[in-house]
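Residues 1 to 320 in the UniProt record's numbering are what the sequence shown lists, from first letter to last.
Working notes, structure below.
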Amino acid sequence: MNDLHDLFEDAVADVEPADRLDAIRCRTSSPAQAARPWFRAAALTVVGTAATVTLVAALGSGPQPTGPAEHGGHEEAGHADRPAEDDAATMLVPAYFVGASPNGPRLYREFDRVPAGDPLQGALERIQEPPSDPDYRTLWAVGTGAGLALESATLRDTTIDVELGPIDLDQAAPELAVQQVVYTLQAAAGRQLPVRFLSNGRPSGSPVDAARQDEVLNPVSISDPAEGNTYAGSFIARGRVGAGERTVEWSILDGPDAQSAVARGLATIDAGGGGFAPWTAEVDLSGLAPGTYVFSVSTADVRLSAYGPTFTDTRTISVR
């Protein structure tokens with residue numbers, strides 16, 4: 001578990017075989033992230049029995065349906081500035097957070113640096129902190145109570161066990177909150193094992209598998225660039241798009257409220273396999289003045305109608 005290569009091996013539930021650790025390191029490296037404070041001291045508000053009952057209900061009384069969990073990969077990183085921090089003191093973990101979509105809240109993935117140690121525990125603690133992308137949020141809200149709502153994660157032979165602490169569960173979407181944990185820990189463990197939630201060492205419901213991707217993930221997402229990255233000249237953007245989506249459009253936005261497109265194009269989709277597919281786009285920045293921009297990708301869900309809702313994901317970047 002301490003070998004970062006193992007964390008991102010081909011069997012990982014949240015990284016496609018094309019992923020390379022060096023690429024992810026470079027992608028997630030940025031001055032903004034290097035300066036970001038760690039939130040290890042953050043705790044969660046203690047709430048009463050109602051939240052616990054909500055969580056147990058979300059876990060259900062039987063095995064949950066599982067779907068393929070292939071996730072976005074890439075071969076090389078863009079020309080992002082690397083942080084000054086010592087890589088040996090940190091490690092990368094996948095972390096799923098929640099963002100808005102035309103179909104309601106959906107999961108979006110980040111790769112974030114956390115202090116070096118156990119990747120499973122690091123990922124569990126990461127999703128109880130604010131995400132790097134301000135468009136996202138966690139359903140395991142940070143509070144000022146006693147301890148973490150999700151205290152520990154342990155890899156077993158047939159399950160990933162999570163010990164529950166004081167719970168402040170977002171009761172508006174308890175099932176998605178559970179899936180936020182499941183997707184994150186399966187990715188961190190590199191194994192598609194069900195997640196078993198425990199309270200004082202005893203199971204709180206049945207083990208939970210990952211739900212189908214098209215039920216919980218946004219149909220389009222960005223892997224590269226990471227939030228706050230700085231680039232010069234050009235970069236390779238990468239991400240994932242749902243099965244059946246025909247196009248991924250990208251644009252660089254500027255102006256008040258980032259509404260004016262100063263560059264745009266179409267990404268290439270590798271639709272060779274089933275499920276979510278990787279997309280890539282070469283983004284030329286040579287005509288842009290130094291400054292802050294928003295990189296945006298979008299796709300229309302043509303499965304719903306010829307003019308289905310448009311799904312987007314964005315990252316703030318800097319051009320120097």
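Cβ coordinates follow ideal geometry from the N, Cα and C atoms, glycine included.
When DSSP labels each residue in this structure, what does residue i get in the three-state scheme?
i: Tyr-183; result: helix
i: Glu-227; result: coil
i: Leu-253; result: strand
i: Pro-94; result: strand
i: Pro-115; result: strand
i: Arg-137; result: strand
i: Ala-177; result: helix
i: Asp-157; result: coil
i: Gly-291; result: strand
i: Gly-122; result: helix
i: Ala-149; result: coil
i: Ala-300; result: strand
i: Asp-86; result: Any reading at Asp-86 must be qualified, since the residue scores a pLDDT of 49, below 50, and its modelled position is unreliable; no value is offered.
i: Gln-33; result: The predicted model places Gln-33 with a pLDDT of 38, which falls under 50 and marks its position as unreliable; any figure quoted below should be read in that light. Residue state, collapsed to three classes: helix.
i: Pro-309; result: coil
i: Asp-81; result: Only weak support exists for where Asp-81 lies, its pLDDT of 38 falling under 50; the value from the coordinates is given anyway. Coil at Asp-81, not helix or strand.
i: Glu-129; result: coil
Compute the distance between the beta-carbons of residue i and residue j, then report whether it is under 8 Å.
i: Val-216; j: Gln-179; result: yes
i: Pro-94; j: Arg-109; result: yes
i: Thr-138; j: Phe-97; result: yes
i: Phe-295; j: Ile-252; result: yes
i: Ser-101; j: Asn-218; result: yes
i: Ala-210; j: Ala-123; result: no
i: Ala-153; j: Leu-120; result: yes
i: Pro-194; j: Val-208; result: yes
i: Val-248; j: Ala-263; result: no
i: Thr-90; j: Ile-127; result: no
i: Arg-315; j: Asp-133; result: yes
i: Tyr-136; j: Gly-99; result: yes
i: Val-220; j: Thr-312; result: yes
Cutting at 6 Å between CB atoms, please list the residues of its own chain near residue i, excluding the five before and the five after it.
i: Ser-318; result: Thr-230, Thr-292
i: Glu-151; result: Glu-163, Gly-165
Among residues of its own chain, excluding the 5 on either side of residue i, which ones have a beta-carbon nearer than 8 Å to its beta-carbon?
i: Ser-286; result: Gly-233, Ser-234
i: Gly-201; result: Glu-163
Enumerate in chain order the residues of its own chain whose CB-to-CB distance from residue i is below 7 Å, with the five nearest sequence positions on each side excluded.
i: Gly-265; result: Trp-250, Ala-281
i: Thr-28; result: Annotation note: pLDDT 45 at Thr-28 (below 50); position unreliable, coordinate value reported separately. Within the same chain, Thr-28 has close Cβ partners Leu-92, Phe-111, Asp-112, Arg-113, Ala-226.
Spell out a yes or no on whether the segment 217-236 and the segment 257-264 are touching, meaning 3 or more CB-CB pairs, one atom from each, closer than 8 Å.
no
Is the segment 232-243 touching the segment 265-279, taking contact as three or more C-beta pairs under 8 Å?
yes
Quick one: complete alpha helix (DSSP H) runs, 4+ long, within the segment 194-240?
213-216
Which runs of the beta strand (DSSP E), 3 residues or longer, sit entirely within the segment 258-288?
260-266, 277-284
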